[in-house]
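Q: Basically this note's numbering = 1-based index in the sequence shown + 314.
Below is a structure I'd like to ask you about.
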Amino acid sequence: MYRQWGKRLFDVVLAVIGLVLCLVPGGVIALLVWARTGRPVVFAQNRVGRYGQPFKVYKFRTMRVEADGPDQSTITTRDDPRITPLGRKLRRWKLDELPQLWNVLRGDMSFVGPRPDVASYAERLTGVERRILDIRPGVTGLGTLKYHNEEELLASVPDPQRYNDEVIFPDKVRLNLLYVEHMSLFWDCRIIAATVYWKLPFHWLRALLREAPPGARGPVAELLADTPLKGTAEPAVPHQREAILLIGAGGHARVVLDAAQQAGFPVCCILDDYPQDADLLGVPVRARAEGLATLAPGQAFLVAVGDNRDRERLFVEMMSLGFKPVTVVHPKACVSPLARLERGVFLAAMAVVNPDAVIGDNSIVNTAASVDHGCQVGAHVHLCPGVRLSGRVSVGERSFLGTGCSVLPNLRIGKDVVVGAGAVVTWDLPDHCVAVGVPARVVKLNQKPGQREPSWGVADGK
Ligand SMILES: CC(C)(COP(=O)(O)OP(=O)(O)OC[C@H]1O[C@@H](n2cnc3c(N)ncnc32)[C@H](O)[C@@H]1OP(=O)(O)O)[C@@H](O)C(=O)NCCC(=O)NCCS
Numbered sequence: 315m316y317r318q319w320g321k322r323l324f325d326v327v328l329a330v331i332g333l334v335l336c337l338v339p340g341g342v343i344a345l346l347v348w349a350r351t352g353r354p355v356v357f358a359q360n361r362v363g364r365y366g367q368p369f370k371v372y373k374f375r376t377m378r379v380e381a382d383g384p385d386q387s388t389i390t391t392r393d394d395p396r397i398t399p400l401g402r403k404l405r406r407w408k409l410d411e412l413p414q415l416w417n418v419l420r421g422d423m424s425f426v427g428p429r430p431d432v433a434s435y436a437e438r439l440t441g442v443e444r445r446i447l448d449i450r451p452g453v454t455g456l457g458t459l460k461y462h463n464e465e466e467l468l469a470s471v472p473d474p475q476r477y478n479d480e481v482i483f484p485d486k487v488r489l490n491l492l493y494v495e496h497m498s499l500f501w502d503c504r505i506i507a508a509t510v511y512w513k514l515p516f517h518w519l520r521a522l523l524r525e526a527p528p529g530a531r532g533p534v535a536e537l538l539a540d541t542p543l544k545g546t547a548e549p550a551v552p553h554q555r556e557a558i559l560l561i562g563a564g565g566h567a568r569v570v571l572d573a574a575q576q577a578g579f580p581v582c583c584i585l586d587d588y589p590q591d592a593d594l595l596g597v598p599v600r601a602r603a604e605g606l607a608t609l610a611p612g613q614a615f616l617v618a619v620g621d622n623r624d625r626e627r628l629f630v631e632m633m634s635l636g637f638k639p640v641t642v643v644h645p646k647a648c649v650s651p652l653a654r655l656e657r658g659v660f661l662a663a664m665a666v667v668n669p670d671a672v673i674g675d676n677s678i679v680n681t682a683a684s685v686d687h688g689c690q691v692g693a694h695v696h697l698c699p700g701v702r703l704s705g706r707v708s709v710g711e712r713s714f715l716g717t718g719c720s721v722l723p724n725l726r727i728g729k730d731v732v733v734g735a736g737a738v739v740t741w742d743l744p745d746h747c748v749a750v751g752v753p754a755r756v757v758k759l760n761q762k763p764g765q766r767e768p769s770w771g772v773a774d775g776k
């Protein structure tokens, strides 16, 4: 109902109220723009709207008139010389977007939705991504919120155009698809409230909320506590290949190193507590303590160790030392833009992660393992080669699912569980158990938390 007509009604009512309220401030801004930089006061740019139909988006002009030529870049950085001093202030507080109330009233746009793209970007949408064009573009949306500091972010990278094309644009597509899937009145209200919080000059409100004790957080802060709205500027799968550091030099590390190199990550060095060889596939291996002393915190790392407990320990240690976990995805893995990969995840060749699945921090989806839609895989989990998780399965933290095992839909596998190679799990498994066979039966219960996972045949656990 909301999709069909509720959203439009919501937009019309809000746009009328907004236009009435903004009449005076809008008039003042128009006069200022006119007085400082002349005409035109309002700038109209062609964008792609619902069903791919072109329309003109209106904004107060913030750039010099000659900046609108066909050769001009469509991305803007904070220090862009085309922006006028008044324009900089308007953009900072997003007041340049006020004329879009008119776009909303006309039905070109909605208050909440994907930002309307210029044609060259809209043409890049393929397959399922084109579902973004089924809805009206928005004045604000998940992408706008996550990249609320986009101009600063772009100003901080060496090649803003490339960063936008390879990192920000694909991540915005992912967020827009998420919105298309979950669109509701509740989401729209949350996104509008969060936009007001982030975009408008309410520094005092932000400071107040940040300083408030956790128990006394305001409603807006609570609203933002949920991830997609708050987010970070870093996508789950970094497209800008930075040099990474691998921790571990065992069998699993060879698989990770090979994937990282194929994915185009330069691996600067490998650290291991007990290095056996001087190098691994040509990359030098050094003792961990000694190597860490020479590296600056902030260096990207991935723990390439198959054993869940060791991997967790090393991950926590590296994080506490200020190193930054990176996610490595083999170029032949297949990840839906609607899936979420948390920090320090490794996806091997042919791994598949379907929409709405979440892979927790520091987990491994090994060769040809598949994670179907809506699965929740906890932190420090190892899905061995060929594991198949059916839809909406949840796997608790540190669980180890042996080679080729399958899990039927909707089941819950507890934490610290070991599922034997080739098992078929047909019912929920409690925490701290070992289950084997077809159908899987529990052969050991209540392994003590902290006990090492079995090393039996865990070929690459080190
Ligand atoms: C499940 C597993 C961890 C059990 O190891 P374990 O605790 O040493 O267990 P045991 O060898 O003592 O076996 C216990 C019983 O389970 C059976 N069993 C063990 N693994 C089994 C499996 N995968 N499928 C069916 N039965 C299995 C044993 O035959 C034994 O049965 P029994 O008591 O009737 O003789 C191990 O067999 C396994 O499957 N490891 C996964 C290996 C893997 O996938 N590695 C990939 C690394 S990337």
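Ideal Cβ placement from N, Cα and C applies to all residues, glycine included.
Computed from a predicted structure; not experimentally measured.
Given that a residue counts as buried once 16 or more other Cβ atoms are within 10 Å of its Cβ, and exposed if not, what is I397?
A: With 16 or more Cβ atoms within 10 Å of its Cβ, I397 is classed as buried.
Q: Is the beta carbon of V739 less than 8 Å from the beta carbon of C719?
A: Going by C-beta atoms, V739 is nearer than 8 Å to C719.
Q: Is V327 buried or exposed, if buried means 16 or more other CB atoms sit within 10 Å of its CB?
A: Exposed.
Q: Between G421, A693, R429, which lies nearest to H462 when the distance is taken from Cα to Cα?
A: When only C-alpha atoms are compared, the closest one is R429.
Q: What's the C-alpha gap between V707 and G751?
A: Spanning the two alpha carbons is a distance of roughly 19 Å.
Q: With a Cβ-Cβ cutoff of 8 Å, do N680 and A665 count as a contact?
A: Going by C-beta atoms, N680 is nearer than 8 Å to A665.
Q: Provide the residue(s) that pair with I678 in DSSP beta bridges, ordered along the chain.
A: DSSP, once it has assigned bridges, lists F660, H696 as partnering I678.
Q: Shorter than 7 Å, the distance from the beta carbon of T717 to the closest heavy atom of ligand 1, or not?
A: It does: the Cβ of T717 is within 7 Å (strictly closer) of some heavy atom of ligand 1.
Q: Quick check on this structure: which residue in R726, L467, V442, S424 has the alpha carbon closest to the alpha carbon of S498?
A: S498 has its Cα closest to that of S424, out of R726, L467, V442, S424.
Q: Can you give the beta carbon distance from L652 to L492, rounded, assuming they're within the 8 Å contact cut?
A: Right, their Cβ atoms sit about 6 Å apart.
Q: Is V494 near ligand 1 - that is, is its Cβ less than 7 Å away from at least one heavy atom of it?
A: Checking every heavy atom of ligand 1 against the Cβ of V494, none is found closer than 7 Å.
Q: Quick one: residues in its chain with C-beta nearer than 6 Å to the C-beta of P580, no 5 flanking neighbours on either side, listed in chain order?
A: So the list reads A557, once near-sequence residues are dropped.
Q: Taking only the alpha-carbon atoms, compute the straight-line gap between V619 and G564 and give it to the nearest angstrom.
A: Approximately 7 Å between the Cα atoms of the pair.
Q: Whole angstroms are fine: how far does the CA of E480 sit from the CA of L333?
A: Whole-angstrom Cα-Cα distance: 37 Å.
Q: What is the DSSP secondary structure of M315, counted as helix, strand or coil?
A: Here M315 sits in coil by DSSP.
Q: Based on Cα-Cα distance, which residue from R402, D670, L722 lies nearest to L489?
A: Of the candidates R402, D670, L722, the one whose C-alpha sits nearest the C-alpha of L489 is D670.
Q: Mapping DSSP to helix, strand and coil, what is D540?
A: Below a pLDDT of 50, predicted positions are generally treated as unreliable, and D540, at 35, falls in that range; no measurement from the model is reported.
Q: Is it true that the CB of I482 sits closer than 8 Å to the CB of E465?
A: Their beta carbons are not under 8 Å apart, which means E465 does not touch I482 by this criterion.
Q: With a threshold of 6 Å on Cβ separation, who are the neighbours of Q613 within its own chain once the five nearest residues in sequence on each side are excluded?
A: Result list for Q613: L559, F637, in chain order.
Q: For the 8 Å Cβ check, are there 3 or more pairs between the stretch 679 to 693 and the stretch 656 to 665?
A: In short, these stretches touch, since the Cβ pair count reaches three.
Q: Provide the residue(s) that pair with M377 in DSSP beta bridges, ordered along the chain.
A: Looking at the DSSP assignment, M377 forms a beta bridge with I397.
Q: Could you name the residues that DSSP lists as bridge partners for R712?
A: DSSP output for R712 lists no bridge partner at all.
Q: So, with DSSP's three-state summary, where would you put R361?
A: In this structure, R361 counts as strand in the three-state DSSP scheme.
Q: Under three-state DSSP, which class holds F369?
A: DSSP places F369 in strand when its eight states are reduced to three.
Q: Which full runs of the beta strand (DSSP E) of 3+ residues lie inside the stretch 587 to 636, going along the chain?
A: Correct list: 597 to 601, 614 to 617.
Q: Could you name the residues of the same chain whose beta carbon sits closer than 8 Å to that of A577, not counting the 5 residues immediately before and after it, in chain order?
A: Hits under 8 Å: R555, V642, V643, H644, P645.
Q: According to the neighbour-count rule (16 or more other Cβ atoms, all chains shown, within 10 Å of its Cβ), is Q359 buried or exposed?
A: It counts as exposed.
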